[in-house]
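Everything on this sheet refers to the single structure shown next.
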């Protein structure tokens, strides 16, 4: 063989070896990517401190770069590869994470165990997973995913981990040997499974998986929730483990469909079944002002429209999907359990303002309808905290007006104590109140007791929204001066198109109501906003929760507390007496 042929052979051999190594290296690194069609088992220990490796390699890794690193000697031959040594141009090969930190703890998005790093390649997963539906709990920021899992393998398996958006949700009952994982990438509460006993070979099981979020994921999910155009799907990876420690990874695409919005409640309604309050509550008032506590989970569908709790039946007839909000679950709590739960949720909220918004409904509203409306308001207003509601025993019927008027008066003491507890015992930065229609009558009377308790305790409420008050004007003027004393700002919304409040006035021989105009109701220290120019539907009574102009005004107040003159959507007017009020144009 001549010298030229010899060099050609050597060159061909080097090319072949390079390609072979490139394929092996590419497969090894592919095992760390969400697109991998196989699973991996390996062990990791921080061996060497490497500075300057901060960016995520997997986002822009190319075969050309791998080949360049190989030619430069950054890949070493051998059965084991120390990924912490493979840093180049401020990139890291340790599974998409950072290099070792100063405390020598490994920081990679790959699974971490004791030992050295080894790669093995196994057969495709024998576990099949079908995502039936998914929802997001807001706030609380937890994903709930209903899965159908089939084990086609020879050994029983259990769900160990769910990875999504670089955040790991671990099942602590299965996995106990994870060490040194970065707090911002490991979910605080982790992964819970409705039934995570071993799935036998050949078995298919339906389970509900709850992935409770870390701080990083909270922000990401809240961005998705508040940006409708981003509601597409969430790619993730489910890891299953058998009794021998073998891991199988299954890629899933979780649809960003409905959202599960929790609303906390207080009510003096009698339960349907005192032995099982999950069955709901009646329209009868409890004796002795007894108050029940708990929270509801309301499904807000993907097709939800801003300001709506769902289309009427004649519109749904032509739609492919049902856009109605609905109560999925009712969870009764003791008073102490309720307060503990609220404090816990607020403590875990990653907002500067940890607020509570309390909704008080009006006439002709049952318990479930109150929960749905509270969820819609809280969701659409993007409340930086949690939403709650107080449900007094309205009959929930058009003919129940007289009984409702009696029951709202019976509820004054229970409502007053509920508001004080929310302001005093939850560690909330602020407690905002939205009262609608006849609910304003109860709030007006309840605030007399709440004011005394609030003054003694130094409590001050945030924003108080008085929407379409079905309250006599003379009584309102007499008692409403308590609101400016205990709130940052109080806003009264009125309309000349509110047929429901107008009808209430007619029933009382045309005695004027505070929520209807003319005449317009002005009270010192309270900002009066006219909503007549807003398209408010047939009765014009729910504009506070349905009209974008009013919701936007309330949102501005929750975030900024701007006076009316600083809110550009409002136009200043004056009465004949020179008293100022504003109108939404």
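In our numbering, the protein residues as written are 889 to 1473. Built from N, CA and C at the ideal position, the CB exists for glycine as well.
The continuous beta strand (DSSP E) containing residue 1470 extends over residues 1468 to 1472. The three-state reading of DSSP puts residue 1149 in strand, counting E and B together. The Cβ atoms of residue 1349 and residue 1324 lie no closer than 9 Å to each other.
Per DSSP, the beta-bridge partners of residue 1169 are 1159. Pairing residue 1171 with residue 1262 gives a Cβ-Cβ distance that is not under 9 Å. Under a 10 Å Cβ-count criterion, residue 1194 is classified as exposed, with fewer than 16 other Cβ atoms of the shown protein chains found around its own Cβ. In the DSSP assignment, residue 1289 falls outside any beta strand (DSSP E) and within the unbroken alpha helix (DSSP H) covering 1289 to 1298. With contacts defined as CB atoms closer than 9 Å, residue 1221 and residue 1260 fail to qualify as a contacting pair.
Residue 1328 places its beta carbon 9 Å or farther from that of residue 1362.
Around the CB of residue 1136, 16 or more other CB atoms lie within 10 Å, so the residue is classed as buried.
By alpha-carbon distance to residue 1412, the top candidate from 1091, 1371, 1093 is 1371. Its Cα nearest to that of residue 1083, the residue 1095 stands out among 1315, 1095, 1305, 1091. Residue 1294 counts as exposed, since fewer than 16 other beta carbons sit within 10 angstroms of its beta carbon. Closest in C-alpha terms to residue 1032, from the list 1019, 1178, 1043, 1396, comes 1019. Residue pairing for residue 1219: DSSP places it in a beta bridge opposite 1183.
Residue 1309 counts as buried, since no fewer than 16 other beta carbons sit within 10 angstroms of its beta carbon. One thing to note: residue 1315 has its Cβ within 9 Å of the Cβ of residue 1242. Contact between residue 1013 and residue 1179 is absent: CB atoms are separated by about 51 Å, not below the 8 Å threshold. Under DSSP, residue 1374 forms no beta bridge with any residue.
Counting C-beta atoms within 10 angstroms of its own C-beta, residue 1463 has fewer than 16 neighbours from the protein chains shown and is therefore classed as exposed. Inter-residue distance for residue 1445 and residue 1126 is about 43 Å (C-alpha atoms, whole angstroms). Counting along the chain, no alpha helix (DSSP H) covers residue 1418; the unbroken beta strand (DSSP E) around it starts and ends at 1414 to 1418. Out of 1021, 1380, 1254, 1377, the CA that lies nearest to the CA of residue 1283 is found in 1254. Excluding sequence positions up to five before and after residue 1458, its CB lies within less than 8 Å of the CB of 1417, 1441, 1452, 1470, 1471, 1472, 1473, all in the same chain and listed in chain order.
Looking at the backbone, the Cα of residue 1436 and that of residue 1132 are separated by about 57 Å.
Residue 1035 counts as buried, since no fewer than 16 other beta carbons sit within 10 angstroms of its beta carbon. If you draw a straight line from the Cα of residue 1288 to the Cα of residue 1439, it is about 29 Å long.
Note: residue 1246 is bridge-paired with 1276, 1321 in the DSSP secondary-structure output. For residue 1461, the uninterrupted beta strand (DSSP E) segment begins and ends at 1458 to 1462. A Cβ-Cβ contact shorter than 9 Å links residue 1304 with residue 1334.
According to the DSSP assignment, residue 1354 belongs to the beta strand (DSSP E) that extends over 1349 to 1355.
Each residue's CA atom was taken as its position, placing residue 1360 and residue 1419 some 19 Å apart.
Residue state for residue 1253 is assigned as coil, using DSSP reduced to three classes. Between residue 1174 and residue 1157, the beta carbon gap of about 7 Å places them in contact (Cβ cut-off 8 Å). With 16 or more other Cβ atoms inside 10 Å of its own Cβ, residue 1130 counts as buried. In the three-state scheme derived from DSSP, where H, G and I count as helix and E and B as strand, residue 1265 is classed as helix.
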